[in-house]
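These protein sequence lines are chains B and W, in that order. Per our numbering, residue 8 is the first one in the first sequence, and the count goes up by one each step. Per our numbering, residue 8 is the first one in the second sequence, and the count goes up by one each step. Idealized CB from N, CA, C, for every residue including glycine. Some notes on the structure that comes next.
2 protein chains.
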Amino acid sequence: MTGYAPAEAARRSGFSLDTLRYYEKIGLLADVERTAGGQRVFTDDDLGWLVLFRCLRDTGMPIAQMRRYAQLARDGEHTVDERLELLRRHAEQVEEQMRLLQRQYDHLREKIRFYERLPGR
Amino acid sequence: MTGYAPAEAARRSGFSLDTLRYYEKIGLLADVERTAGGQRVFTDDDLGWLVLFRCLRDTGMPIAQMRRYAQLARDGEHTVDERLELLRRHAEQVEEQMRLLQRQYDHLREKIRFYERLPGR
DNA sequence: CTCCAACCTGGAGTGCACTCCAGGTCAAGG
DNA sequence: CCTTGACCTGGAGTGCACTCCAGGTTGGAG
């Protein structure tokens, strides 16, 4: 157990195989294990990272910042404060994003109501 | 009144001047009025469209779809049903987007709590 | 063993939504 | 009039995040 073939890792993470390779190439996902023949073997730990990346990506964090976070984590325990700070700042931006989305959604619903009340319907 | 210089329209809409020109070029914003010398004059009606485009853009609608909506509106009253349908479908997608964002935000907050509870802080 | 689906690499290509540029024109204040 | 800051055009360039490709290798089923 705790060893997933590329296709399985893609399925579980929801990222395409190309994206997984891309994430490794740019140093987001560090040094994935390989078989003797050079094929990737993803661990549960890798999968955990991918779940986090999905969370951060879905909330709009740019890749450069995810990479910075991943680098901090690799640098060890003494970066915990900085990592926390980074996540907190991001959470604030997500809150702002949610407020904007809600505001524009309300606007959209108003527009829809306008159409629904139009005579001749 | 009801005639805004390009810079003023940019300021009021929150789009850059380049973006306003781009939106006109691709036929999203149709045929903006001009002075004798060829400089744009935006009307309140144009500004209204820009407010709508901002709403749709902020909620993730691709430009191609906005253009389709604008075209329908230009085509006249008989497209009202189709426009309504388009907006409704988009609203559903925004709802889905909000749910995902909320879910991932919760996930992010959990991660932050994990860091906050770490010993040595 | 043999097969073939899944995998590998480096690098080029894509799609979206702008954004910038060069080289000129317009128009309002002094 | 003259200046100068705002504006014009067509077209090239940018940034992001993938996505696709050619040409070759791997490894588990039969």
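Please classify residue i as buried or exposed, where buried requires at least 16 other C-beta atoms within 10 Å of its C-beta.
{"i": "B:A16", "result": "buried"}
{"i": "W:L4", "result": "Since the first residue shown for chain W is 8 and the last is 128, residue 4 of chain W is missing from the structure and cannot be characterised."}
{"i": "B:F49", "result": "buried"}
{"i": "W:H97", "result": "buried"}
{"i": "B:L35", "result": "buried"}
{"i": "B:T66", "result": "buried"}
For the alpha helix (DSSP H) that contains residue i, what are its first and last residues?
{"i": "B:I70", "result": "70-82"}
{"i": "B:S20", "result": "13-20"}
{"i": "B:E37", "result": "Looking at the sequence itself, residue 37 of chain B is Ala, so the reference to Glu does not match. That residue, B:A37, is in no alpha helix (DSSP H); it is neither H nor E in DSSP."}
{"i": "B:Q104", "result": "87-123"}
Name the one or two DSSP bridge partners that residue i has.
{"i": "B:R28", "result": "In DSSP, B:R28 forms no bridge with anything."}
{"i": "W:R64", "result": "Note: W:R64 sits in no beta bridge, so no partner."}
{"i": "W:V58", "result": "Per DSSP, none; premise fails for W:V58."}
When you compare each of the options to residue i by their alpha carbons, which one comes out closest?
{"i": "B:Q46", "options": "B:I119, B:G55, B:E102, B:L24", "result": "B:L24"}
{"i": "W:D38", "options": "W:S20, W:A77, W:G21, W:H114", "result": "W:A77"}
{"i": "W:L54", "options": "W:L91, W:A12, W:Y112", "result": "W:A12"}
{"i": "W:H114", "options": "B:E103, B:L59, B:R116, B:I33", "result": "B:L59"}
{"i": "W:L27", "options": "W:G44, W:R61, W:A43, W:T9", "result": "W:R61"}
{"i": "B:T42", "options": "B:G10, B:R18, B:I33", "result": "B:G10"}
{"i": "W:L101", "options": "W:F22, W:M68, W:Y30, W:G44", "result": "As written in the sequence, residue 101 of chain W is Val, which differs from the Leu given in the question. Taking only the C-alpha atoms, the option nearest W:V101 is W:M68."}
{"i": "W:T86", "options": "B:A14, B:L125, B:G44, B:Y30", "result": "B:L125"}
{"i": "W:E142", "options": "B:G83, B:R116, B:E99", "result": "Shown here, chain W extends from 8 to 128; a query on residue 142 of chain W therefore has no answer."}
{"i": "B:Q72", "options": "B:E84, B:Y30, B:G44", "result": "B:Y30"}
{"i": "W:D52", "options": "W:R81, W:E103, W:D88", "result": "W:R81"}
What is the C-beta distance between residue i and residue j, in whole angstroms, given that I count them as a contact (C-beta under 8 Å)?
{"i": "W:L94", "j": "B:Y122", "result": "7 Å"}
{"i": "W:L91", "j": "B:M105", "result": "In fact, because the Cβ distance is near 26 Å, the residues do not count as touching under 8 Å."}
{"i": "W:L57", "j": "W:S20", "result": "4 Å"}
{"i": "W:I33", "j": "W:R74", "result": "7 Å"}
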